[in-house]
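Student: Below is a structure I'd like to ask you about.
2 protein chains.
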Amino acid sequence: MAVGSETQEADRGQAVTRGGRRRGGGRAGRSADASMASTPLAPFIKRQIPCYDPFDEETLVRLENTADDILAEVGIEFWEDEECLRLWKEAGATVDGVRVRFDRGMVRAIIQRSAPRVFTQHARNPAKSVTYGDNNLVFLPAYGSPFIRTLDDGRRYGTIEDFKNLVRIAYTTPYLHHSGGTICEPVDIPVNKRHLDMIDAHLTYSDKPFLGSVTAPERAADSVEMARIVFGKEFVDQNCVVMGNINANSPLVFDGVMTGALRTYSAANQGMVIVPFILGGAMGPATMAGAVAQALAEGMVGVATTQLVRPGAPAVFGNFVSSMSLRSGAPTFGMPEPSLGTYAIGQLARRLGVPLRTGGSFTSSKIPDAQAAQESADSLMPALLAGGNFILHAAGWLEGGLTMGFEKMMLDIDHLGMMHTFLKGMTIDDNTLAMDAFREVGPGKHFLGCAHTMENYGQAYYDSELANAESFEQWRDAGSSDAVERANARWKQVLSDYQAPEMDAGVRAALDDFITRRKADMADAWY
Amino acid sequence: MAVGSETQEADRGQAVTRGGRRRGGGRAGRSADASMASTPLAPFIKRQIPCYDPFDEETLVRLENTADDILAEVGIEFWEDEECLRLWKEAGATVDGVRVRFDRGMVRAIIQRSAPRVFTQHARNPAKSVTYGDNNLVFLPAYGSPFIRTLDDGRRYGTIEDFKNLVRIAYTTPYLHHSGGTICEPVDIPVNKRHLDMIDAHLTYSDKPFLGSVTAPERAADSVEMARIVFGKEFVDQNCVVMGNINANSPLVFDGVMTGALRTYSAANQGMVIVPFILGGAMGPATMAGAVAQALAEGMVGVATTQLVRPGAPAVFGNFVSSMSLRSGAPTFGMPEPSLGTYAIGQLARRLGVPLRTGGSFTSSKIPDAQAAQESADSLMPALLAGGNFILHAAGWLEGGLTMGFEKMMLDIDHLGMMHTFLKGMTIDDNTLAMDAFREVGPGKHFLGCAHTMENYGQAYYDSELANAESFEQWRDAGSSDAVERANARWKQVLSDYQAPEMDAGVRAALDDFITRRKADMADAWY
Chain H
1 MAVGSETQEA DRGQAVTRGG RRRGGGRAGR SADASMASTP LAPFIKRQIP
51 CYDPFDEETL VRLENTADDI LAEVGIEFWE DEECLRLWKE AGATVDGVRV
101 RFDRGMVRAI IQRSAPRVFT QHARNPAKSV TYGDNNLVFL PAYGSPFIRT
151 LDDGRRYGTI EDFKNLVRIA YTTPYLHHSG GTICEPVDIP VNKRHLDMID
201 AHLTYSDKPF LGSVTAPERA ADSVEMARIV FGKEFVDQNC VVMGNINANS
251 PLVFDGVMTG ALRTYSAANQ GMVIVPFILG GAMGPATMAG AVAQALAEGM
301 VGVATTQLVR PGAPAVFGNF VSSMSLRSGA PTFGMPEPSL GTYAIGQLAR
351 RLGVPLRTGG SFTSSKIPDA QAAQESADSL MPALLAGGNF ILHAAGWLEG
401 GLTMGFEKMM LDIDHLGMMH TFLKGMTIDD NTLAMDAFRE VGPGKHFLGC
451 AHTMENYGQA YYDSELANAE SFEQWRDAGS SDAVERANAR WKQVLSDYQA
501 PEMDAGVRAA LDDFITRRKA DMADAWY
Chain L
1 MAVGSETQEA DRGQAVTRGG RRRGGGRAGR SADASMASTP LAPFIKRQIP
51 CYDPFDEETL VRLENTADDI LAEVGIEFWE DEECLRLWKE AGATVDGVRV
101 RFDRGMVRAI IQRSAPRVFT QHARNPAKSV TYGDNNLVFL PAYGSPFIRT
151 LDDGRRYGTI EDFKNLVRIA YTTPYLHHSG GTICEPVDIP VNKRHLDMID
201 AHLTYSDKPF LGSVTAPERA ADSVEMARIV FGKEFVDQNC VVMGNINANS
251 PLVFDGVMTG ALRTYSAANQ GMVIVPFILG GAMGPATMAG AVAQALAEGM
301 VGVATTQLVR PGAPAVFGNF VSSMSLRSGA PTFGMPEPSL GTYAIGQLAR
351 RLGVPLRTGG SFTSSKIPDA QAAQESADSL MPALLAGGNF ILHAAGWLEG
401 GLTMGFEKMM LDIDHLGMMH TFLKGMTIDD NTLAMDAFRE VGPGKHFLGC
451 AHTMENYGQA YYDSELANAE SFEQWRDAGS SDAVERANAR WKQVLSDYQA
501 PEMDAGVRAA LDDFITRRKA DMADAWY
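Residue numbers (our numbering), protein chains in the order written: chain H, 1 to 527; chain L, 1 to 527.
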C-alpha cells in the first residue's frame, strides 16, 4: 500500500486503544433487539483503501512548525472562562490575561499522553454503536440549519416536526451511522428548551448515537443527564454515549460558552469534537497553508483542553477550512483549495494520532441543483480519503449550512451508499479475476449469461436508488423526472414506511418526567 | 511524497522521452501569434500532486498475471485485417485463424522496446501544443454524441452548426486544451463526408490540437492528409499533429475498421488512442478485478500493434470500464466500482510506462441535474488522480454519451477550472504560511483588511463562473437561477464574444480545394 497512515500508526508502537474506554453493562433503555431497519450493513465503515497523502514530510513539518510558532508567539485567547485559564496555567502554559502562550511541543505532548486514538460512542441499540479513529468512518447528517427546503414548500424555517422527520430518515438508512445533533433548528420551540425536545427526538425516533447540546453549559449538562437516564449513570461515567461539537472562535479564540460545554462533556467522560472554523481571508489567512497551520494550532489546543479537564476523555480533532468568493466575499464550498487543505489536515491528524472530523457534502447553492451536487461530491471525497473518522454534514446541507434540504438529504444518502462501496476497495481473488469466465466466453461473445455473471451479478455494482440510468425514451415516457423529483418521492416513501424503534417503558417515563421538570424550571426564551 | 508513480518511473531508469518525437519546423498554417483567447494559463496541466495509488504490489502483479493468462490462453481475435495477423505472426505470436495468442510478457516487451513514454501533439498554434505522458494532463471535450441538448431546445440531433459552436466554445476556454474529435455527430452531413467538415471546423474555428476520423481507413487517411496541408508533409512525418481514438470490440476482439485506422495513423507516425470498452457483465466480467485485467490485456495488444506498424509511433493506452444498472442492464456512470478500477488501471499503466487515457465527466442522466453533476465529479476525480494524461469526455457528456449538452459543457468547463487549481497542489512558503499575518492580526480579530490578505486575495481561490455563492436573498431577488440557467446564459455569451483564430490564406485555399475534390469523388452516403 502506498500510504503513510498505516505505517506511521504502526511505527508509533502505541496500543490502538491508548486511553480507550472500558466497556460496561448498559441498562433497560438500550434495546438490544431493536429493529435494524432491515439493513445488513455494518454500523459504521471500516475503510479498506489507504488514505491519499499528497504532502511530503518537509511540508508537514513546516506546517507543524508554523502551528507551534503561532501557539508560542501569538497564542490563544480563552474568553470568559477562568477555569480554562487556570487549567492551562497549571499545565505550564504562559497565561497573560486571557491570552495563553504555549511552549513548542507542549500541546502535542499533552494530547499524546492521554487522548484516545480510538474510541467508541455507544448507541441505545448496542448493534449501532460506532467507533471513531484509525480507519473507521462514521457518517452524520448536517447540523444546525435554521431553514428547511423541500420541493413542495421551498425554503422556510424548520420546526420540531421537520426535526423528527429528519431523525426518522437518518434512522432508516444504513448509510448514515448516526442521528446527528441539531439536524435542523426547531424554531417553533423556545431557544432555552429546544435541546430537550431535540434529544428526546433522537432517543425516541432513532436508536443510533446522537450529539448533545453545546449552546450553554446547562444544556450540555441536560444532554448528559438524559443520556444517564437511558444508559445508566455508571455506564455513562465509563463510556462515551453522547458527544458535543464546538467551534473555536477563529482566529485563535475559544469563548466561554464553547469551553463551558467542553468542560461539561469532558468532565463526564463524554466525547468532544473541537472545530476550528476558518473561512480563509476572514477568520484566517487567505492562503491555504496558513489556514491549515492555524487549524492545527486551534484544534490541538481544543483537544488538549479536554485532556486537562479529564485525562483520557474522548475527543475528536475537527476542522472546517473553506474558501471565499472573490466576487461577494461569501463562503464557497467544494473548491479546490480547501480540498488540498483537507488532505493536509488529514496527514497532520494522523501524525498527531487523534480521531479526525472532516466533511461533508458542502455547497453554497440554495437548491439541490448541479452546483450543489458537484460541490458536495468534491468536498466529500477529500473528507473520506484524508482519513476523516467523524463526517459531520454528510447529508442534507444546502446554502452554506443555512438550509437543510429534504431532497438534498436523500441525494446525499444515495451518494453515501456509493462511498460505502468505494471505501471497501476492490476484492482480488480467483472469482473476481474471472479467468474461468474468460475461458468460457472467449473473444467476441458477451458475458451476460455466463455462469460467472450469474453468480456475481447481484453484488457486482452499487444499486443507486435515485440515479436514472434508463434509456431516454423510457425516462421521457415516465415523465422526464430530474434527480430532485425522484428524491422528493423517496423521502415521502421513507416517512410513510417508517416504524419507530422500541423503548423500555420505564426509560420512556423517566425521560418524560425529566423533560417536564426541566421545562417547568424555565420561562420561554425566544432568542 | 507518498506515491509509487514517480519512484517507479525513476526506477525504470529509462529516458523520459524514450522513443519520443523530434521537433521540426512547421509551415505557414501554424499561426505562431494567433490569439490565445486571452488566457495566461499553460496549454496543458502539469500535475504537481502525486497520484492516488490504492493497490499494493501483490494486487498489481495478480492483475498483470491474469492479463498474461488471458493473452496466452484465450488470446485476441483480429477480424477482417490480414495485415494485423501477418504483423503479429511476424512478431512471434501464435496465429490460429483470426485468433492470436501471445507468450507471457511478449506484448509488454514490444511496448517497452519502442513506445514513447511521453510525446507531444502539435497544435496549429505552437503555443497550444500538448504533451501526453508522465504528469501531464490534457482535457478534451466529449466525443461521438448523435444528440445535442440545450435548455432552449431540449434534445435533438446534432448538426454541423452545433459542431462549430462546440468547437468555438472549446477554443475559448483555457480549461480545455484540445478541440477534440467528433464533438457531436453532424447528422446533417452525409456519413462519408462528415469527417472532412469536422476536421475543417477544428482547423478553422480553433487552433488547438484535434482528433481525426477513425470510422474508415480512407477517412483516417483524409485526416492525415488535411493535417499535412496545414503542418507540411515533412513535419507531419516526424511529429504527431493528429490523433485517432479507437475502441477494441471487447471482449478480446479488434475489428478491421478500427485496426485499419490504427495502421493508417501509426504508419504516418500520428497518435493512436486504443480503448478497451468494457461494460462489466456484458463486454467483460461483472467483477471489477477481471474487467481491469481484461482492459490491461486488450489495451496492451492495441498499443503493441502500433509498435509493430511503426516502432516509436505515438500511442495512448486507453480504458473505458463501467458498471451496469442491476435494474435495467443499462450502463451506469460515476459509480464506485469503476472508480476503483480506474485507480488500478492507472497504477498498471504507469508500471507499463505509457501515456494513459482515463475519464471523463460521465453520467447516465439525460439532463444536467444533480445526478449528472455527482456522477461527473465522481468519475472525473479518479481519472485525474489515477494519473490519466489524455482525458477525453471531460466536458459536455450526458446520457451515457448519447447526448452532448451545451449547458453541461459549460458546467464541466467550470469544474475543469477547479481541477486545474487542485492539480497544482498547495504552495508552502513564508508567504502562504502567513506567520506575519498571524502576528499582525492576532486572536479574535479578522483577516479581511490585513496586508497579507490584500496581497494574496486576488489569487487565493478559484473563481467559479457558474457557482452561485450569494446570499439567499440576493439569489432570490436576481431570479432564483439554477446552475443550468446560468450555464445557458454563459454559452450564449461565449459564442457572442467569439473571434476565430487567423489562418494563412494559402492554407485556407489548399484545405478548401482538398475538401471540394474529396467530396466530388464520393456520392452522398447517409448510413
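Each residue gets a CB set at the ideal place from its N, CA and C atoms; glycine is no exception.
#1: Hey, is residue 463 of chain H's beta-carbon within less than 7 Å of any beta-carbon in chain L?
#2: If distances are taken between C-alpha atoms only, which option among L:172, L:437, L:149 comes closest to residue 162 of chain L?
#3: Going by C-alpha distance, which of H:92, H:69, H:138, H:130 is nearest residue 420 of chain H?
#4: Output yes or no for whether 7 Å exceeds the beta carbon distance between residue 377 of chain L and residue 371 of chain H.
#5: Shorter than 7 Å from the beta carbon of residue 364 of chain H to some beta carbon of chain L?
#6: How far does the beta strand (DSSP E) with residue 99 of chain H in it reach, from first residue to last?
#7: Check whether the Cβ atoms of residue 598 of chain L and residue 359 of chain L sit closer than 7 Å, and answer yes or no.
#8: Run the CB neighbour count on residue 496 of chain L, radius 10 Å, all protein chains shown included, and call it buried at 16 or more, exposed below.
#9: Give me the subset of the stretch 79 to 113 of chain L whose CB atoms are less than 9 Å from a CB atom of chain H, sorted by chain position.
#10: Please identify, using Cβ separations under 8 Å, the residues of the stretch 243 to 274 of chain H that lie next to chain L, in order along the chain.
#11: Return no unless some Cβ of chain L is closer than 7 Å to the Cβ of residue 158 of chain H.
#12: My output table needs one value for residue 170 of chain H: the three-state DSSP class, helix, strand or coil.
#13: Is the CB of residue 339 of chain L under 7 Å away from at least one CB in chain H?
#14: Taking Cβ positions only, does residue 432 of chain H come closer than 7 Å to chain L?
#15: Got a sec? Which residues, its chain only, sit under 7 Å from residue 462 of chain L by beta carbon, not counting five neighbours each side?
#16: Buried or exposed, going by whether 16 or more other CB atoms sit within 10 Å of the CB of residue 407 of chain H?
#17: If you count every other CB in all the chains shown that lies within 10 Å of the CB of residue 90 of chain L, and 16 or more means buried, which is it?
#18: For residue 156 of chain H and residue 182 of chain H, what's the separation of their Cα atoms in angstroms?
#19: Closer than 9 Å, Cβ to any Cβ of chain L: which residues of the stretch 466 to 479 of chain H, in chain order?
#20: For residue 404 of chain H, does the three-state DSSP call read helix, strand or coil?
#21: With residue 217 of chain L and residue 261 of chain L assumed to form a contact (beta carbons below 8 Å), what rounded beta-carbon distance in angstroms separates them?
#22: Is it buried or exposed for residue 205 of chain H, if we count other Cβ within 10 angstroms and need 16 for buried?
#23: At a CB-CB cut-off below 7 Å, which residues of chain L make contact with residue 456 of chain H?
#24: Who are the near neighbours of residue 383 of chain L in its chain, counting only those whose CB is closer than 7 Å to its CB and skipping five residues on each side?
#25: Which residues, in chain order, does the stretch 335 to 360 of chain L contribute to contact with chain H at a C-beta distance below 8 Å?
#26: Does any C-beta atom of chain H lie closer than 7 Å to the C-beta of residue 10 of chain L?
#27: Tell me the start and end of each unbroken alpha helix (DSSP H) in the stretch 346 to 423 of chain L that is at least 4 residues and wholly inside, in chain order.
#28: Quick one, which of L:54, L:228, L:238, L:193 has its alpha-carbon nearest residue 219 of chain L's?
#29: Need the endpoints of the alpha helix (DSSP H) that residue 59 of chain L sits in, please.
#30: Going by DSSP, name the residue or residues bridged to residue 208 of chain H.
#31: Among residues of its own chain, excluding the 5 on either side of residue 517 of chain H, which ones have a beta-carbon nearer than 6 Å to its beta-carbon?
#32: Comparing C-alpha positions only, which one of H:353, H:368, H:366, H:397 sits nearest to residue 387 of chain H?
#33: Determine which residues share a DSSP beta bridge with residue 283 of chain H and list them.
#34: For residue 458 of chain L, which three-state DSSP category applies?
#35: Sort out for me which residues DSSP pairs residue 78 of chain H with in a bridge.
#36: Give the residues of chain H in contact with residue 282 of chain L, contact being defined as C-beta atoms less than 8 Å apart.
Tutor: Reading off the structure:
#1: yes
#2: L:149
#3: H:138
#4: no
#5: yes
#6: 99 to 101
#7: Beyond the ends of chain L as shown, which are 1 and 527, falls residue 598 of chain L; an answer cannot be given.
#8: exposed
#9: 79, 98, 99
#10: 249, 251, 252, 253
#11: no
#12: helix
#13: yes
#14: yes
#15: 417, 418, 421
#16: buried
#17: exposed
#18: 16 Å
#19: 466, 467, 468, 469, 470, 471, 472, 474, 475, 476
#20: strand
#21: 6 Å
#22: buried
#23: 286, 287
#24: 342, 358, 359, 360, 391
#25: 335, 336, 337, 339, 340, 341, 344
#26: Confidence is the limiting factor: at residue 10 of chain L the pLDDT is only 31, short of 50, which leaves the residue's position unreliable and the question unanswerable from this model.
#27: 370 to 385
#28: L:193
#29: 57 to 69
#30: BP columns for residue 208 of chain H are empty, so no partner.
#31: none
#32: H:353
#33: None; residue 283 of chain H has no bridge partner.
#34: helix
#35: H:254
#36: 446, 447, 448
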